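Presented below is the structure to which this report refers.
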Amino acid sequence: MPLINSGFSVLSEDFAADPYRYFAALREQSPVHYEPSVDSYFVSRYHDVKRVLTDHEAFSTEMLQARAEPVMRGRVLAQMTGAEHTAKRKVIVRGFTGQVLQDQVRAIHANATELIAPFLTRGRVDLINDFGKPLALYVALDALGLDKKDWQQVAVWYSGVAEFITTIALTPERRRHCLDCADQLEAYLVPIIEERRRRPGDDLISALCTAEYDGVAMSDRDVTALVLNVLIAAAEPADKTLALLFKHLIDHPEQLAQVRQDPSLLAAAIAETLRYTPPVQLIPRQAERDAVLAGTTVPAGTIIFCMIGAANRDPEAFAAPDTFDIHRSDLATARSFTAAAQHLSFGTGLHQCVGAAFARAEIETVAAMLLSLFDQVRYGDGFHYQEVGLYTRGPASLLLDFTPTAGVENGK
Ligand code: HEM
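According to numbering that gives the first Met the number 0, the stretch in the sequence shown is residues 0 to 411, in order.
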């Protein structure tokens, strides 16, 4: 086990290359790890993370005012509490559940079919860059009622906004770039919001425009912030989860064979992928008063980063936590996409992900479709696997070779 000595930093290149190598040492030797350069604590034990995310009085989301608002243009759901949070969250939940979800599954299937088509005869696809990234944006744009033809432009602006939120320490140049992207994204959205106010449709932006809280409609800025909130929250983890699922199944051929034989195991494979390699690795909170965590006093006002990847590998919570096992009994699949989830990959408490059921439907639909199209799926010749990101994390690319299933290669 590597040692967490005084020079150790979770912001080092070594840690970024493979954080999983350090998680056990962090939990055992420095469970509330202080990073002086950013004056923040990194919490790695499952029970401490759960406490920080569920004790809303002691640990708030105040820091989002500085970490998100400058690019989101207003307050996101995670900054709200009480009746306002319940009311606005409900509007978004309605856009991702029930009949709407059924319609969206059909749209997801159609989008995935269109995006994978050019790669089928080649028998080779980069599951992140050729397919997963555009698909994640297509799906989020569809859900919001935005035009997919704009996806490449939106992708550039969206990356700048996401970079602002998911970078622990930004340089002044990158900060300017991110703010510029936010300006352009806002300029793109405002005329659309104005149009939906005049002629509401049955999309989520229209629902946000017509919703009232305390008898008052939301301003353009309020709506913009929630649109960006959903866009980033829905798109950022989706391609990563899909690619990580394929990586783990390829690395565990016996489990891949079982999923192929019984596709109802896919949900368990997705839940285990989320536990084993959560695409959202860090969730920030702010200590509202001095708090003691694992014997360390965290002073009031300080930022705490919950380390989801480390918490999900805590032996206090999961047996043999470093083993990928779609059959594990301590991760009830049915609960894994609900508020009762055992893993913490969707967060927990008041701000737990509103899109968990949608994410399951999206990844399950797409993975089932790809598995039926790809025979003998394997890493591409000479492919070198690399993960990137400290805050959100996933493969930089995932080059796959496959034999198209019978009929596909003839365009049937
Ligand atoms: C595998 C996919 C996904 C993962 C891993 C994920 C992860 C998370 C996490 C960790 C949080 C908690 C943040 C916090 O406590 O501060 C969260 C919140 C949220 N997620 Fe997701 N998410 C996923 C998909 C989605 C989708 C598809 C949507 C689309 C609606 C979505 C919308 C949201 C929203 C709006 C919140 C804020 C909830 C609130 O503050 O009340 N997410 N997500």
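Glycine residues also receive a C-beta, built at the ideal position from the N, C-alpha and C atoms. Here the structure is a predicted model, which means the values were calculated and not measured.
What would DSSP say about residue 131, mapped onto helix, strand or coil?
helix
Quick one: what does DSSP say residue 442 is sitting in, helix, strand or coil?
As shown, the chain starts at 0 and ends at 411. That puts residue 442 outside it, with no answer to give.
Using a threshold of 8 Å, state whether the C-beta atoms of residue 154 and residue 136 are closer than that.
yes
Simplified DSSP state of residue 393, which is helix, strand or coil:
strand
Three-state secondary structure (DSSP) at residue 212?
strand
Spatial neighbours of residue 409 in its chain, beta-carbon cut-off 8 Å, leaving aside the 5 residues before and after
Model confidence at residue 409 stands at a pLDDT of 49, short of 50, so the residue's coordinates are unreliable and nothing is read from them.
I need the boundaries of the beta strand (DSSP E) containing residue 399, first residue and last residue.
398 to 403
Is residue 278 near ligand 1, with its Cβ less than 7 Å from a heavy atom?
yes
Thinking just about the alpha-carbon of each residue, which of 202, 400, 222 is nearest to the one in residue 68?
222
Among 357, 19, 282, nearest to residue 97 - alpha-carbon criterion:
357
Sorted by chain position, which residues of the same chain lie with C-beta nearer than 7 Å to residue 202's C-beta, five sequence neighbours on each side aside?
143, 144
Distance, residue 253 Cα to residue 174 Cα
46 Å
Sequence-distant residues of the same chain with beta carbon closer than 8 Å to residue 219, five excluded per side:
189, 192, 193
Any chance you could list the beta strand (DSSP E) runs of at least 3 consecutive residues sitting entirely within the segment 268 to 352, in chain order?
281 to 286, 290 to 292, 295 to 297, 302 to 306
Who are the Cβ neighbours of residue 411 in its own chain at under 8 Å, not counting the five residues just before and after it?
Model confidence at residue 411 stands at a pLDDT of 47, short of 50, so the residue's coordinates are unreliable; what they give is reported in the following sentence. Taken in chain order, the list of residues that qualify is empty.
If you measure from the beta carbon of residue 167 to each beta carbon in chain B, is any gap under 8 Å?
Reference to chain B is not applicable here, since this structure consists of a single protein chain.
Any contact of the segment 365 to 379 with the segment 90 to 105, i.e. 3+ C-beta pairs under 8 Å?
no
With a threshold of 7 Å, establish whether the CB of residue 414 neighbours any heavy atom of ligand 1.
In the structure as shown, the chain starts at 0 and stops at 411, and residue 414 therefore has no counterpart that could be examined.
Compute the minimum distance between the beta carbon of residue 354 and the heavy atoms of ligand 1, and state whether it is under 7 Å.
yes
Using 7 Å as the cut-off, classify the Cβ of residue 80 as near or not near the heavy atoms of ligand 1, replying yes or no.
no
With DSSP as the reference, please indicate the residues paired to residue 5 in a beta bridge.
Its beta-bridge partners do not exist; DSSP assigns none.
Please tell me whether residue 285 and residue 5 are closer than 8 Å, where the distance is taken between their beta carbons.
no
The segment 322 to 341 / the segment 251 to 267 touching (three or more Cβ pairs under 8 Å)
yes
So is residue 26 buried or exposed if we call it buried at 16+ other beta carbons inside 10 Å?
buried
Is residue 386 helix, strand or coil by DSSP?
strand
Could you check where the beta strand (DSSP E) with residue 125 kicks off and where it finishes?
123 to 125
Where does residue 247 fall in DSSP's three states?
helix
Tell me whether residue 279 is buried or exposed, calling it buried when 16 or more other Cβ atoms sit within 10 Å of its Cβ.
buried
If you follow the beta strand (DSSP E) that residue 41 is part of, which residue opens it and which one closes it?
39 to 42
Between 242, 224, 277, 317, which has its C-alpha nearest residue 73's C-alpha?
224
CB contact flag (residue 343, residue 167, <8 Å)
no
Helix, strand or coil at residue 158 according to DSSP, with G and I counted as helix
helix
Looking at ligand 1, does it come within less than 7 Å of residue 117, judged from the CB to the closest heavy atom?
no
Pair within 8 Å by beta-carbon distance, residue 243 and residue 394
yes
Contacting residues, own chain, Cβ-Cβ under 6 Å from residue 362 (five flanking each side not counted)
240, 241, 269
Apply the 10 Å Cβ neighbour rule to residue 198 and answer buried if 16 or more other Cβ atoms are within range, or exposed otherwise.
exposed
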